[in-house]
Amino acid sequence: MGKTAIYPGSFDPVTKGHLDVLAKASKMFGKVIIAVLKNDSKKGFLPTADRVALIQEAVKEMGLDNVEVDSFDGLTIEYAKKVGSDILIRGLRAVSDFEYEMQLSQTNNALAPSVTTVFLITKPKYNFISSSTVKEIAKYNGDISKFVPESVVKYFKNITNER
Numbered sequence: 001m002g003k004t005a006i007y008p009g010s011f012d013p014v015t016k017g018h019l020d021v022l023a024k025a026s027k028m029f030g031k032v033i034i035a036v037l038k039n040d041s042k043k044g045f046l047p048t049a050d051r052v053a054l055i056q057e058a059v060k061e062m063g064l065d066n067v068e069v070d071s072f073d074g075l076t077i078e079y080a081k082k083v084g085s086d087i088l089i090r091g092l093r094a095v096s097d098f099e100y101e102m103q104l105s106q107t108n109n110a111l112a113p114s115v116t117t118v119f120l121i122t123k124p125k126y127n128f129i130s131s132s133t134v135k136e137i138a139k140y141n142g143d144i145s146k147f148v149p150e151s152v153v154k155y156f157k158n159i160t161n162e163r
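In full-length UniProt numbering, the protein residues as written are 1 to 163.
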């Protein structure tokens, strides 16, 4: 249980599906680092600092003491080396996720053979949730509370009120 695992992603925004995978990973590993990707070439919807803060709030609400939240740019495997981890966590919602995730895992393994990817499957009730779907619903002031933690609901309400 002492190993450190990294759960990388854009989390733009974090969803209950992401948090379901995180909860499972936190039971399997001594420490889990949620690594929020800062991708300068891809304009994120939420600023990186806000994504980190929203995840930190959700982690606190969940009482996951062995979880840290960080941000990084560049290759995930380089970040893994930097923090001394050789385990990557990836969530799978449906079969459609598997092909992409398998290719990504094989690429990471070719670049860093010591890195192992652990796939965790979300609960069926989260299979259809994606950050893209959440953003689309929020864009039209729809109710996103079934899909994201309360911190994200409040964040989007504040954005809407500022417009």
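Even for Gly, the Cβ is constructed at its ideal location relative to N, Cα and C.
Using CA atoms only, rank isn't needed, just tell me which of the options is closest to residue i.
| i | options | result |
| --- | --- | --- |
| residue 26 | 112, 5 and 104 | 5 |
| residue 90 | 104, 79 and 78 | 104 |
| residue 52 | 62, 73, 22 and 11 | 11 |
| residue 92 | 129, 114 and 85 | 129 |
| residue 46 | 13, 21, 58 and 3 | 13 |
| residue 123 | 159, 69 and 18 | 18 |
| residue 67 | 87, 30 and 98 | 30 |
| residue 132 | 160, 86 and 147 | 147 |
| residue 58 | 150, 107 and 8 | 150 |
| residue 3 | 28, 94 and 119 | 28 |
| residue 35 | 102, 48 and 145 | 48 |
| residue 120 | 79, 21 and 96 | 21 |
| residue 32 | 137, 69 and 102 | 69 |
Here's the rule I'm using: 16 or more other beta-carbon atoms within 10 Å means buried, otherwise exposed. How should residue i be labelled?
| i | result |
| --- | --- |
| residue 39 | exposed |
| residue 82 | exposed |
| residue 84 | exposed |
| residue 125 | exposed |
| residue 73 | exposed |
| residue 155 | buried |
| residue 159 | exposed |
| residue 157 | exposed |
| residue 100 | exposed |
| residue 111 | exposed |
| residue 8 | buried |
Based on DSSP bridge pairs, tell me the residues matched to residue i.
| i | result |
| --- | --- |
| residue 7 | 34 |
| residue 118 | 89 |
Apart from the five residues just before and just after residue i, which ones in its own chain have a Cβ nearer than 6 Å to its Cβ?
| i | result |
| --- | --- |
| residue 37 | 10 |
| residue 64 | 26 |
| residue 152 | 13 and 54 |
| residue 143 | none |
| residue 139 | none |
| residue 71 | 36, 38, 48 and 52 |
Got a sec? Which residues, its chain only, sit under 7 Å from residue i by beta carbon, not counting five neighbours each side?
| i | result |
| --- | --- |
| residue 44 | 10 and 12 |
| residue 135 | 45 |
| residue 98 | 92 |
| residue 94 | 127 |
| residue 141 | 160 |
| residue 24 | 120 |
Check the Cβ-Cβ distances between residue i and every residue of chain C, and say whether any is below 7 Å.
| i | result |
| --- | --- |
| residue 27 | Looking for chain C here will not work: only one protein chain is present. |
For residue i, I'd like the list of residues in its chain whose CB is within less than 8 Å of its CB, leaving aside the five on either flank, ordered along the chain.
| i | result |
| --- | --- |
| residue 108 | 76, 77, 88, 115 and 117 |
| residue 61 | 149, 150 and 151 |
Which full runs of the alpha helix (DSSP H) of 4+ residues lie inside the stretch 61–106, going along the chain? 76–83
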